[in-house]
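Residue numbering for the sequence shown follows the UniProt record's numbering, beginning at 1 and increasing consecutively.
Ideal placement from N, C-alpha and C gives every residue a C-beta, glycine not left out.
Here's the structure, in structure tokens; my notes come after.
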Amino acid sequence: MRTETGTVFRLQDYRPSDFLIPETRLIFRLDPRETLVTATLSLERRDPAADVTALKLAGDGLVLKSISIDGKALAADAYEATADCLIIKQLPSSSSFSLTIETEIDPEENKALMGLYRSSGNYCTQCEAEGFRRITYFYDRPDVLSIYSVRIEADRANCPVLLSNGNPGASGDLGDGRHFAEWHDPHPKPSYLFALVAGDLGVIRDHFTTASGKPVDLAIYVEHGKEERALYAMDALKRSMKWDEDVFGCEYDLDVFNIVAVSDFNMGAMENKGLNVFNDKYVLADEKTATDVDYALIEAIIGHEYFHNWTGNRITCRDWFQLCLKEGLTVFRDHEFSADQRSRAVKRIAEVRTLRTHQFPEDQGPLSHPVRPDVYKEINNFYTTTIYEKGSEVVRMIRTLLGEQAFRAGMDLYLKRHDGDAATIEDFVKSFEDAAKLDLSQFSLWYHQNGTPKVTLSTAYDQTAGTFTLHLKQSAIGGPALNTRKPLLIPLVFGLLGRDGSELAYTAPQGVDGSVIRFDAMEKSFVFEGLKEKPILSINRGFSAPIVLKDDFDVAHRLFLAAHDSDAFNRWEAINALLMDALKNAVGQEKTGAALDFPPQILSLMGKIAENDSLEPAFRALALTPPSEADLAREIGENIDPDAIYAARIALQASIGKANAAAFEKIYAANAINGPFAPDAEQSGKRSLRNVLLDYLSLADGGPGRAHQSAMQSGNMTDRIAALSVLAHRFPDADETRTELSRFEHDFRSDPLVLDKWMQIQATIPGEQTVARVRALMNHPAFSMLNPNRVRALIGAFSSANQTAFHSADGSGYTLFAEVVTKADERNPQLAARLAIALRSWRSLEPVRREKARETLAVMAAREGCSIDLSDILERTLA
Ligand code: ARG
Ligand code: ZN
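In structure tokens:
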């Protein structure tokens, strides 16, 4: 592990490397504790005329065994090798030479899960962002592209499968029970895309023929016995390959495409060229073990990693400040893929919910950073929802501003112009400017100015003049102070509706382009003419801009949009806003000790939505789900009392359930699924509607009977988990809950990935007693501090999705949290840093909790031996 502290990396310091490495040859002699890596790099002076006399390569925890240049061992005074870097001080004067380095590494002891490590006895790698330097000394930076040839030698019995990037080459026996395999990747790539997998794995195979007729062998490797559970992922892969050809004209470019599922993985998955490595959570699925949400995530992440082949691999990033170049764009592509495979409206609502729940608090709090940051201490801490999700929203806005066709032309130009490059955000934006003959300089501010933009609107209608005036004002929550902010170009898709819901005709003012208002000043009025009736405004349709919108709409206006807007997203948005207002009001009542009440029209609206068969069930399920406790906390913004928020939300849910019990019962029955299980959008929509209703009906019943029945009858994991959640969260002390929890534990005692769901449900039971429950579960045989999935299921869920327990007024939640984060940090700093962001909104808490949270953060930050990853997060959170 690196030990230096305080190095700050700045975009402005970027300069190209002194040397190029056109070719890299690697030989791995695999051994659990003593793996030998021989790397032979062809080095080429970038500028032969420049007087470069030393070469510095990065390392991390390496042991150097030997070093030679052009076949001759280096004298001891010709170089300096530490665990973290290699400096060669005497170089041949020739313009190119060959450097051979032998290092020894210990995969078994590697619990940081970066570089080469072991997972369930198999060898695998994770090199993004800076893990390759834990394998050998290298220019471990994304702008040094090299052609890799890899030879793997290993024990045949333990490692029958030997994989690396590119196409397979020779393989054979070495005697002594060992064998070898060679791989060659013809596409130059940065070191972060290198991958190796070796082990004893099961496999499913399929094939795909590209648009130009090139055959590709597909394989997904999983633990033995789990092959069947990879079939859905394979199907998603083939659909991804076809979709990328159809929608972006991107064809696959190797003879093979391999995916490996591993059980110890820090992130979701990794796009290594031709050899994607996945967290098994995002590969394995069948009806009995995976929920509809799992299926949708598998489809999205399989797509995401595959789409990186063009946006990430063929065109990579010049430096890590450009991370959103590949991540924002690829998230946008996977969102579009899922939208095309499922329901576009439902997908968009889900995206916006995620953005608001995770990205908005990040952008509005102490960890706020621009989509393209210009400074970092630890790059692993920048794989954030801002880079990914806000990065995707920025690409979406480019499409909104350019229109479908010009956007595609810009993408084509980007892919053509920069194929084989390590590119920048400026290169990306320029491609759209050139293709659309447009100036996007003001728009580019979205990449550089952090904080959630806020647009405040007011409207006026003049009956006699027939004019409708829309006044817009922009500011922000988080990010630079208002007086230093520059105005963003904000694309607002809109419609003016008549009383019958039709779109009214009007004469548009300047700055309105079809259905898009281009709002580009701190403040501006738009006057629409030719309106004989007072229009009803629908704005930011489809969430065209990732902003907080403060409108002047009254309840009648929202009810109208909820019923009539042709934009499905805004129908949902209107409903959501009504529920949010009702909840905020109830939190106020709760704090003053008043009885909670909710407007009857809101309660009956919920009944009408549930009954509206013209709306797809998945949409109804989303519309019937009130904003989460975290959303409500963000909306309130200060002096947060999680108990009051919980009380308000559960009271609203109980009132909705009681007011609509008869109707809900009918819809519940009407949406039963007959026939075999399918993980498709239609069935999953029905299941989600039924399961939302199950919760309401159980609250109305005031007892666990209904959920218990459902849990016992459920033939699939979606229904089983939904019922178990209702039992655990609404009736934690009921016998039925105990029975169902133990039945689940028993059924999946040998499948930790499935047991994670059981952990997660218990970790999110509201109330401070859950702290003790989580402590007890940490001693469960299935729990392990070394496996990120286990830690996230129990502790991640507890700290990020259980407001009342995590923020227990007595501080016991924080104490547990600090213990676990500290423990995680000893072996896996990335995991610890990821967990630690759960306290980023500590300043919005009420004073007692705020002080306890601050102290927790300060104690963690002061600990001797705190990793760079963790201290970076803690220091910024406290700053
Ligand atoms: N590039 C991967 C993805 O988005 C994420 C890998 C990040 N890994 C890390 N250790 N920071 O699919
Ligand atoms: Zn990605």
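{"Asked": "Check whether Leu275 and Val144 have beta carbons under 9 Å apart", "Found": "no"}
{"Asked": "Contacting residues, own chain, Cβ-Cβ under 8 Å from Cys85 (five flanking each side not counted)", "Found": "Lys56, Leu57, Ala58, Gly59, Tyr137"}
{"Asked": "beta-carbon Val331 near ligand 2 non-hydrogen atom, thresh 8 Å", "Found": "yes"}
{"Asked": "Alpha carbon of Gly6 to alpha carbon of Cys324, nearest angstrom", "Found": "24 Å"}
{"Asked": "DSSP beta-bridge partners of Glu503", "Found": "Leu497"}
{"Asked": "Delimiting residues of the beta strand (DSSP E) encompassing Ala853", "Found": "Looking at the DSSP string, Ala853 is not in any beta strand (DSSP E); the run it does join, the alpha helix (DSSP H), is 847 to 862."}
{"Asked": "Beta-bridge partners of Phe407, as assigned by DSSP", "Found": "DSSP lists no partner for Phe407."}
{"Asked": "Range covered by the alpha helix (DSSP H) that runs through Asp756", "Found": "752 to 763"}
{"Asked": "Exposed unless 16 or more other CB atoms sit within 10 angstroms - verdict on Ser871", "Found": "buried"}
{"Asked": "beta-carbon His708 near ligand 2 non-hydrogen atom, thresh 8 Å", "Found": "no"}
{"Asked": "Val63, buried or exposed, once every other Cβ within 10 Å from all chains shown has been counted against 16", "Found": "exposed"}
{"Asked": "Rounded separation between Thr3 and Asp695 - CA only", "Found": "In this predicted model, Thr3 has a pLDDT of only 43, less than 50, meaning its place in the structure is not dependable; the value taken from the coordinates is given anyway. Each residue's Cα considered, the two are about 50 Å apart."}
{"Asked": "In DSSP terms, what Cys317 is bridged to", "Found": "Ala423"}
{"Asked": "Continuous alpha helix (DSSP H) stretch holding Asp701: start and end", "Found": "681 to 701"}
{"Asked": "Near ligand 2: Tyr295 beta-carbon under 8 Å from a heavy atom", "Found": "no"}
{"Asked": "Whole-angstrom C-beta distance between Gly391 and Val331, which should lie under 8 Å", "Found": "7 Å"}
{"Asked": "Rounded Cβ spacing between Pro188 and Arg318 (contact assumed at less than 8 Å)", "Found": "Not confirmed; about 14 Å, so no contact."}
{"Asked": "Beta-ladder partner(s) of Trp310, from DSSP", "Found": "In DSSP, Trp310 forms no bridge with anything."}
{"Asked": "Same chain, Cβ closer than 8 Å to Glu523, five either side skipped, listed in chain order", "Found": "His471, Leu472, Lys473, Gln474"}
{"Asked": "CB contact flag (Arg558, Phe494, <9 Å)", "Found": "no"}
{"Asked": "Counted within 10 angstroms of its Cβ, other Cβ atoms place His746 as buried (16 or more) or exposed", "Found": "exposed"}
{"Asked": "Buried or exposed by the 16-neighbour rule on C-beta atoms within 10 Å, applied to Gln803", "Found": "buried"}
{"Asked": "Trp243, enclosing alpha helix (DSSP H) - first and last residue", "Found": "231 to 248"}
{"Asked": "Extent of the continuous alpha helix (DSSP H) to which Gln803 belongs", "Found": "803 to 806"}
{"Asked": "Euclidean distance between Cα positions of Leu722 and Ser742", "Found": "The question names Leu, yet the displayed sequence has Ala at residue 722. Straight-line Cα distance between these residues: approximately 16 Å."}
{"Asked": "Through-space distance from Arg690 to Pro676, alpha-carbon basis", "Found": "17 Å"}
{"Asked": "Assigned secondary structure, Met1 (DSSP; H/G/I helix, E/B strand, else coil)", "Found": "Its pLDDT being 43, under 50, Met1 is placed unreliably in this model, and the coordinates cannot settle the point."}
{"Asked": "Three-state secondary structure assigned by DSSP to Arg720", "Found": "helix"}
{"Asked": "Ala170, DSSP secondary structure in three states", "Found": "strand"}
{"Asked": "CA nearest to the CA of Gly328, picked from Lys281, Thr424, Asp280", "Found": "Thr424"}
{"Asked": "Spatial distance of Arg15 from Tyr139 (CA atoms)", "Found": "13 Å"}
{"Asked": "Within 9 Å, strictly: CB atoms of Arg399 and Phe407", "Found": "yes"}
{"Asked": "Proximal residues to Arg850 (C-beta, below 7 Å), its chain only, five neighbours per side dropped", "Found": "Trp842, Arg843"}
{"Asked": "Those runs of the beta strand (DSSP E) which lie wholly inside the stretch 5 to 29 and span at least 3 residues", "Found": "19 to 29"}
{"Asked": "Nearest-angstrom Cβ-Cβ length linking Gly478 and Gln364, presumed shorter than 8 Å", "Found": "4 Å"}
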